[in-house]
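Order-wise, the sequence lines are chains A and B.
In this text, residue positions in the first sequence follow the numbering used here: the first is 4, and each later residue adds one.
In this text, residue positions in the second sequence follow the numbering used here: the first is 188, and each later residue adds one.
All C-beta atoms, glycine included, are put in the ideal place defined by N, C-alpha and C.
Report on the structure given below.
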Amino acid sequence: MATDTEFGNTACTNYEAMLEDYLDGALTASEARTAEQHWQSCAACRGALQQAASSVRLLRVAGPSDGPGSAFARTVMARIRSAQGDLSAERAGFWQPLVRLGWRFAATATIVLGALVSYDAGWGRHAQPNVTTARLMPVSDIFGPDPAKAPANRDEVLMMVAETNHAK
Amino acid sequence: MEDVPKSMVASAPALTLPLDRKGKKEEDRELVRLSQNGTETAFEELVRRHQQRVFALVGGILRRPEDVEDVAQQVFLKAYLGIKRFDQRAAFSTWLYKIAVNECWDYLRKKKVRPLVYEADLSEEQVSRLDGIVSADRPPESSSARAESRQILERMLAALPEQDRQLLVLKEMEGFSVQELAEILNLNVNTVKVRLFRARGRIMDVYRRRMNPASKSADSHSAQRKG
Numbered sequence: 004m005a006t007d008t009e010f011g012n013t014a015c016t017n018y019e020a021m022l023e024d025y026l027d028g029a030l031t032a033s034e035a036r037t038a039e040q041h042w043q044s045c046a047a048c049r050g051a052l053q054q055a056a057s058s059v060r061l062l063r064v065a066g067p068s069d070g071p072g073s074a075f076a077r078t079v080m081a082r083i084r085s086a087q088g089d090l091s092a093e094r095a096g097f098w099q100p101l102v103r104l105g106w107r108f109a110a111t112a113t114i115v116l117g118a119l120v121s122y123d124a125g126w127g128r129h130a131q132p133n134v135t136t137a138r139l140m141p142v143s144d145i146f147g148p149d150p151a152k153a154p155a156n157r158d159e160v161l162m163m164v165a166e167t168n169h170a171k
Numbered sequence: 188m189e190d191v192p193k194s195m196v197a198s199a200p201a202l203t204l205p206l207d208r209k210g211k212k213e214e215d216r217e218l219v220r221l222s223q224n225g226t227e228t229a230f231e232e233l234v235r236r237h238q239q240r241v242f243a244l245v246g247g248i249l250r251r252p253e254d255v256e257d258v259a260q261q262v263f264l265k266a267y268l269g270i271k272r273f274d275q276r277a278a279f280s281t282w283l284y285k286i287a288v289n290e291c292w293d294y295l296r297k298k299k300v301r302p303l304v305y306e307a308d309l310s311e312e313q314v315s316r317l318d319g320i321v322s323a324d325r326p327p328e329s330s331s332a333r334a335e336s337r338q339i340l341e342r343m344l345a346a347l348p349e350q351d352r353q354l355l356v357l358k359e360m361e362g363f364s365v366q367e368l369a370e371i372l373n374l375n376v377n378t379v380k381v382r383l384f385r386a387r388g389r390i391m392d393v394y395r396r397r398m399n400p401a402s403k404s405a406d407s408h409s410a411q412r413k414g
């Protein structure tokens, strides 16, 4: 059955692909015979085939379009390299804030650590008790009443008398 | 980095269509493997081999010569960035051409432009010149005459639906096979054949109308009567 298209081309729908193959020289000998037998009896297909054959001549008058210049491949490679550079810069840019934060943290930690160490060293020196003095001081000096002071009660008076006698 | 075998490096910068397609495909596979391992010269060789057809494909879809080079460069850049993911189940050319087609659609969508449409009609002089060329059945020799014929043809092709135009340009002007077109455009092979055949009838109809304006006005009168 022939089909009418918007532009007035007519051909049998089930022969269109075969006619295209015929134009392309893609049919086997037996397929070509079948196609030829069909359009001998089908004026619509015969007309469509003639029209299609004319289109081949018409469309080939211009030939293929001009290709790229000889420098095209080099230009492409340069663009690839530049894109790769941009890509790695972009990747570095993505991590940059984190790296900066890391450096800041490290610097702060170092300063704090230094301050702690120096403070610790300085404080230690002042706070350490004078062990030698403590060791030489007699026990009685620690627990006994201060000799410069006058005894305040009876117990202290007795303690003072006992010490005086003991010393004798 | 591995070196590209000297036998694979094209001596001429422009690509010539391969006589031995199978051998060329095998070489492409090897070049792809080398590129996947980071050999830049192997990829550069792939660019040299396929640049002509990528240009033809992009030009066939965009019809804006000033944009073709930029889009073609973008196609190869995308191919380079994605080549490690390419598993070589399909031919490199098919994979590359699909990237090219997608890149063209992206480009047209981003720019919010339709492929260029020639509004102006053809002058009588142009029509008779084209008729002379078609009758002679051989392409014009000078590049300027070829460019002019192409321009006239493009104007006629603009009257067709976009897909018809693309199929005809890629098949008849740029030399893509039906099989290639089916793979690139994700269509069934039979669908491509049928669409191509119908598109041929349509372009000849446009041509006849241009050659014989009387038929054009008769058509419009009959259309008015139908309306």
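How big is the Cα-Cα spacing for residue i and residue j?
i        : j        : result
Arg387/B : Gln53/A  : 10 Å
Arg60/A  : Ser222/B : 41 Å
Glu93/A  : Tyr267/B : 18 Å
Thr16/A  : Thr37/A  : 15 Å
Leu26/A  : Ala95/A  : 58 Å
Arg216/B : Gln87/A  : 24 Å
Ala81/A  : Phe263/B : 11 Å
Ala118/A : Trp98/A  : 31 Å
Val245/B : Leu101/A : 43 Å
Thr78/A  : Asp24/A  : 40 Å
Glu19/A  : Val381/B : 5 Å
Ala32/A  : Ala76/A  : 44 Å
Asn375/B : Gln350/B : 14 Å
Ala47/A  : Gly210/B : 43 Å
Gly28/A  : His41/A  : 17 Å
Arg419/B : Glu328/B : Look at the range of chain B in this structure, 188 to 414, and you will see that residue 419/B is not part of it.
Glu367/B : Arg250/B : 20 Å
Trp282/B : Asp254/B : 22 Å
Ile390/B : Ile286/B : 28 Å
Phe384/B : Gly50/A  : 12 Å
Tyr284/B : Arg276/B : 15 Å
Ala14/A  : Arg333/B : 32 Å
Phe242/B : Pro71/A  : 7 Å
Going by DSSP in three states, residue i sits in which element: helix, strand or coil?
i        : result
Cys45/A  : coil
Ala14/A  : strand
Thr228/B : helix
Ser407/B : Any reading at Ser407/B is ruled out, since the residue's pLDDT is 47, under 50, leaving its predicted position unreliable.
Val262/B : helix
Ala307/B : The predicted position of Ala307/B is uncertain, since its pLDDT is 49 and thus under 50; a value taken from the coordinates is nonetheless stated next. The answer is coil: DSSP assigns Ala307/B none of H, G, I, E or B.
Glu328/B : coil
Asn289/B : helix
Ala243/B : helix
Pro67/A  : coil
Ser364/B : coil
Lys297/B : helix
Arg276/B : coil
Val374/B : The sequence as given places Leu at residue 374/B; Val does not occur at that position. Reduced to three states, the DSSP call for Leu374/B is coil.
Asn168/A : helix
Pro252/B : helix
Ala72/A  : The sequence shown places Gly at residue 72/A, not Ala. In this structure, Gly72/A counts as coil in the three-state DSSP scheme.
Gly50/A  : helix
Ala124/A : helix
Gly319/B : helix
Leu347/B : coil
Ala29/A  : coil
Pro154/A : coil
Leaving aside the five residues before and after residue i along the sequence, list all residues of the same chain whose C-beta is less than 8 Å from its C-beta, in chain order.
i        : result
Pro154/A : Pro148, Val160, Met162 and Met163
Ala307/B : No answer about Ala307/B holds up, because its pLDDT of 49 lies below 50 and its placement is not dependable.
Ala278/B : Lys212 and Asp215
Gly427/B : One cannot answer for residue 427/B here, as it falls past the ends of chain B, which runs 188 to 414.
Lys297/B : none
Ile270/B : Val219, Ser222, Gln223 and Phe230
Ala35/A  : Tyr25
Is residue i near the ligand SAM, in the sense that its beta carbon is under 7 Å from a heavy atom of that ligand?
i        : result
Tyr267/B : This structure lacks the ligand SAM; in fact it carries no ligand of any kind.
Name, please, each residue of chain D whose Cβ falls closer than 8 Å to the Cβ of residue i.
i       : result
Asp27/A : The question asks about chain D, but that chain is absent: this structure's protein chains are A and B.
Quick one: residues in its chain with C-beta nearer than 6 Å to the C-beta of residue i, no 5 flanking neighbours on either side, listed in chain order?
i        : result
Leu22/A  : Leu52
Glu166/A : none
Leu233/B : Leu218
Ala346/B : Val393
In its own chain, which residues sit with a C-beta less than 7 Å from the C-beta of residue i, not counting the 5 before and 5 after it?
i        : result
Ala110/A : none
Stretch pair the segment 280-294 of chain B + the segment 239-258 of chain B: three plus CB contacts closer than 8 Å: Yes, the segment 280-294 of chain B touches the segment 239-258 of chain B.
Sufficient close CB pairs (3 or more, under 8 Å) joining the segment 354-362 of chain B to the segment 62-74 of chain A: The way I'd put it, the segment 354-362 of chain B does touch the segment 62-74 of chain A; three or more beta-carbon pairs between them come closer than 8 Å.
Members of the segment 336-362 of chain B that neighbour chain A once the beta carbon cut-off is set at 7 Å: Residues of the segment 336-362 of chain B with a C-beta less than 7 Å from any C-beta of chain A: Ser336, Arg337, Leu340, Leu355, Glu359, Met360, Glu361 and Gly362, listed in chain order.
Interface residues of the segment 93-105 of chain A facing chain B [CB-CB below 7 Å]: Hits within the stretch: zero.
Residues of the segment 65-82 of chain A with Cβ closer than 7 Å to any Cβ of chain B, in chain order: If you check each beta-carbon in the segment 65-82 of chain A against every beta-carbon of chain B, the ones closer than 7 Å belong to Ala65, Gly66, Pro67, Ser68, Gly70, Pro71, Ser73, Phe75, Ala76, Thr78, Val79, Met80 and Arg82.
Under 7 Å (Cβ pairs) to chain B, residues found in the segment 116-127 of chain A: Result list empty, no residue passes.
Residues of the segment 223-237 of chain B with Cβ closer than 7 Å to any Cβ of chain A, in chain order: Listed by position, the residues of the segment 223-237 of chain B near chain A (Cβ gap below 7 Å) are Glu227, Glu231, Val234 and Arg235.
Contact list for the segment 237-258 of chain B against chain A, Cβ threshold 7 Å: Cβ contacts with chain A: Gln238, Gln239, Phe242, Ala243, Gly246 and Glu256.
Positions along the segment 378-395 of chain B whose CB lies within less than 7 Å of some CB in chain A: Hits within the stretch, in order: Lys380, Val381, Leu383, Phe384, Arg385, Arg387, Gly388, Arg389, Ile390, Met391, Asp392 and Tyr394.
Contact list for the segment 267-291 of chain B against chain A, Cβ threshold 9 Å: Those residues of the segment 267-291 of chain B placed with their C-beta closer than 9 Å to a C-beta in chain A are Tyr267 and Leu268, ordered along the chain.
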